[in-house]
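Participant: This is the structure, below, for whatever I ask next.
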Amino acid sequence: MKGFAELVRQHQSMVFSLAYHFLQDRPLAEDVTQEVFFQLYRELASLENEQHVRFWLRKVTSCRCIDAARRRKLRPRLTLEDIREPASHESFRDPLLSETLRKLVATLPETPRMIVVLRYQEDMDPSEIAETIGIPLATVKSHLHRSLTMLRGKMQRLGRETVS
Amino acid sequence: MNDFDIERELHKALQRVEPARDFSLPFAKAPTKSYTWMALAAALILVLLTPLGVLRYQARQMRGEEARAQLVTALRITSNKLQKTRQLVVRELNRRNSL
């Protein structure tokens, strides 16, 4: 296996992005990232290969993000009303759309939010997500379906309100 | 809005971002888990201790040799003295017999 510093360099973007997209708070995401790598440093000897390291990092990052969000009660800080609306229908193609969507994702409850982040940031399939966060596959699929329906509905509502 | 592809937009919105700092730096100078240094230290100790052991063995051998030589000398002296005493006894017996 690679040296520890090299492992960190290779995976820091993944770990930080998971934390950042989940928490929507850069300093907190950095704290979580640092804690994850310190834990990896202590437990590296028990990990067999690089695939195992990647799986372990995603699992531990997910748990730590959910813990951090629960501790700081981040979710109530963002509501649909706080989110700036796109200026027009055409603006759905501009960078504001991604920002709006990220903020909408941040309003999801912890578990569905982590499922959405793992699915669309890491491109993981539902079975991998189920294994990573330790919940049944059916629950993952159900959370994903409900989250997408909710996000699509909110985006359409925002679009209609903007057009009218 | 009907053609809005939520999955595609989520992929775009949730692309990986680079952190502002390099988290590998605190670990850059940390030693990797290796037994090389321990093996080298053990070899060094062995190299230093082996001649000491040999010297101690040689010193013990020399002391043994010296003790053996002293014992041989002592036995030789004793033997000489016994020989002289025997000669005196034989001479005295011969003198008495001749009387």
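Taken in order, these protein sequences are the chains called P and H.
Here the first sequence stands for residues 1 to 164, where the numbers follow my numbering.
Here the second sequence stands for residues 1001 to 1099, where the numbers follow my numbering.
Positions of the beta carbon are idealized from the N, C-alpha and C atoms, including for glycine.
It should be emphasised that the depicted structure is a prediction, and the values quoted were computed from it without experimental measurement.
1. What is the DSSP secondary structure of Gly159(P), counted as helix, strand or coil?
2. Nearest to Thr111(P) by CA position, among Gln121(P), Arg70(P) and Phe16(P), is which residue?
3. Using the Cα positions of Glu30(P) and Ala1041(H), report the straight-line distance between them to the nearest angstrom.
4. Would you say the region 12-31 of chain P touches the region 56-66 of chain P, given that touching needs at least three Cβ pairs under 8 Å?
5. How should Arg1086(H) be labelled, buried or exposed, when 16 other C-beta atoms within 10 angstroms of its C-beta is the threshold for buried?
6. Residues in its own chain within less than 6 Å of Ile129(P) by CB, not counting five upstream and five downstream?
7. Show which residues of chain H have a CB atom less than 7 Å away from the CB atom of His21(P).
8. Mind checking if Ala972(H) is an interface residue toward chain P, Cβ cutoff 9 Å exclusive?
9. Ala1039(H) CB to nearest chain P CB: under 9 Å?
10. At what residue ranges does the region 1025-1093 of chain H contain a whole run of the alpha helix (DSSP H), taking only runs of 4 or more?
11. Go ahead and label Tyr20(P) buried or exposed: buried means 16 or more other beta carbons lie within 10 angstroms of its beta carbon, across all protein chains shown.
12. For Asp1022(H) and Arg9(P), I'd like the C-alpha separation in whole angstroms.
13. Please list, in chain order, all residues of the same chain as Glu35(P) whose beta carbon is under 7 Å from its beta carbon, the five residues on each side excluded.
14. Which bits of chain P does Glu1066(H) rub up against, with CB to CB less than 9 Å?
15. Mapping the DSSP letters down to three states, classify Pro27(P) as helix, strand or coil.
16. Let me see if you follow: with CB-CB separation under 9 Å, is Leu1048(H) close to chain P or not?
17. Using only the alpha-carbon positions, how far apart do Met155(P) and Glu99(P) sit?
18. Just by C-beta distance, which residues in the region 5-19 of chain P are closer than 7 Å to chain H?
19. Name the chain H residues whose beta carbon is nearer than 7 Å to that of Val175(P)?
20. Taking the beta carbon of Trp56(P) as the centre, do at least 16 other beta carbons fall within 10 Å, making it buried, or is it exposed?
21. How about Ala1042(H): is its C-beta nearer than 9 Å to some C-beta of chain P?
22. What separation, rounded to the nearest whole angstrom, lies between the Cα atoms of His52(P) and Arg157(P)?
23. Could you tell me which chain H residues have their CB closer than 7 Å to the CB of Leu101(P), listed as they occur along the chain?
24. Looking at Leu23(P): is its Cβ nearer than 9 Å to the Cβ of Ala106(P)?
Facilitator: Looking at the coordinates:
1. Gly159(P) falls in the helix class under three-state DSSP.
2. Comparing Cα positions, the closest option is Arg70(P).
3. Rounded to whole angstroms, the gap between the alpha carbons of Glu30(P) and Ala1041(H) is 39 Å.
4. Contact between the region 12-31 of chain P and the region 56-66 of chain P is present: three or more C-beta pairs spanning the two stretches fall below 8 Å.
5. That one is exposed.
6. Annotation for Ile129(P): Ile115, Leu118 and Val140 place their beta carbon closer than 6 Å to its own, counting only its chain and skipping 5 residues before and after.
7. The answer, in chain order, is Leu1014.
8. With chain H represented from 1001 up to 1099, any question about residue 972(H) goes unanswered, as that position is not in the structure.
9. No, Ala1039(H) lies away from the interface with chain P (no Cβ there is under 9 Å from its Cβ).
10. List check, alpha helix (DSSP H) in window: 1025-1028.
11. Its Cβ being crowded by 16 or more others within 10 Å, Tyr20(P) is buried.
12. Asp1022(H) and Arg9(P): Cα-Cα distance of roughly 7 Å.
13. Around Glu35(P): Arg64.
14. Among the residues of chain P, none has a CB under 9 Å from the CB of Glu1066(H); the nearest is roughly 56 Å distant.
15. Helix.
16. Answer no: the Cβ-Cβ gap between Leu1048(H) and chain P never drops below 9 Å.
17. The straight-line gap from Cα to Cα measures roughly 12 Å.
18. If the cut-off is 7 Å between Cβ atoms, the region 5-19 of chain P has Ala5, Val8, Arg9, Gln12, Ser13, Met14, Phe16 and Ser17 near chain H.
19. The structure shown does not extend to residue 175(P), since chain P is modelled only from 1 to 164, so the question has no answer here.
20. With 16 or more other Cβ atoms within 10 Å, it is buried.
21. No, because no Cβ of chain P sits closer than 9 Å to the Cβ of Ala1042(H).
22. Whole-angstrom Cα-Cα distance: 42 Å.
23. Per Cβ cutoff of 7 Å: Glu1009, Leu1010 and Ala1013.
24. The beta carbons of Leu23(P) and Ala106(P) sit closer together than 9 Å.
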